[in-house]
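In our numbering, the protein residues as written are 29 to 237. We put the beta carbon where it would ideally sit given N, CA and C, even for glycine.
So this is what it looks like as structure tokens:
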């Protein structure tokens, strides 16, 4: 929704005013977002879940990305961002269920798209019956995938060219169609190297703890 109003900041985090989402991405204003990564131990391996963005999305349609994420609007606090998990994924969680990772800056720069985010990052580790708990908001998310956590980290850092991912996509008739596929960087929403290094390092520490 391009009418969303966002708080904008300078690079040091001082609020500068309010702008709509379209202007924020055209001019590269810093703004706040909520990121929730779902990752944990499953069948003796550390896995991470990715959402499959709807093909109807304006930005990065049909690509895999952070499990749940969204902008924080002018009237929202960081804690209010948990609505993204509930709305996009249908997972009923409270803030107490999440581990706060911290605020990490992320920058995505394309030819006409300048996304400078102050990302408030959280981790959700309760994977019990998770595959059956998803109720997706189809205009935002068309499916879910999971893969080995270190395989995803290796993909983003260039140590691997492909990684095996399994999951499901919602078909036109509303049924779940399962899949297994090898994905590469071209299948993933881009993120800055600094963001990826920090978030993967923090998640890795939490999973080992």
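Can you look up residue i in the DSSP assignment and give me helix, strand or coil?
i           : result
residue 52  : helix
residue 177 : helix
residue 70  : strand
residue 61  : strand
residue 148 : strand
residue 99  : strand
residue 236 : helix
residue 199 : coil
residue 120 : coil
residue 81  : strand
Is the beta carbon of residue j closer than 8 angstroms to that of residue i?
i           : j           : result
residue 93  : residue 78  : yes
residue 174 : residue 52  : no
residue 165 : residue 84  : no
residue 154 : residue 125 : yes
Quick one: using the 10 Å Cβ neighbour count with 16 as the cut-off for buried, is residue i buried or exposed?
i           : result
residue 157 : exposed
residue 207 : exposed
residue 138 : exposed
Can you list, in chain order, the residues of its chain whose CB lies under 6 angstroms from that of residue i, leaving out five sequence neighbours each side?
i           : result
residue 145 : 61 and 134
Which residue from the options puts its Cα closest to that of residue i?
i           : options               : result
residue 148 : 120, 237, 208 and 107 : 107
residue 171 : 236, 141, 217 and 195 : 195
residue 128 : 219, 68, 212 and 150  : 150
Quick one: what's got a C-beta closer than 8 angstroms to residue i's C-beta in the same chain, skipping five residues either side?
i           : result
residue 122 : 110
residue 112 : 62, 64, 96, 97 and 98
residue 46  : 33, 34, 35, 36 and 102
Can you give me the Cβ contacts of residue i inside the same chain, cut-off strictly under 7 angstroms, excluding the 5 residues immediately before and after it?
i           : result
residue 181 : 228
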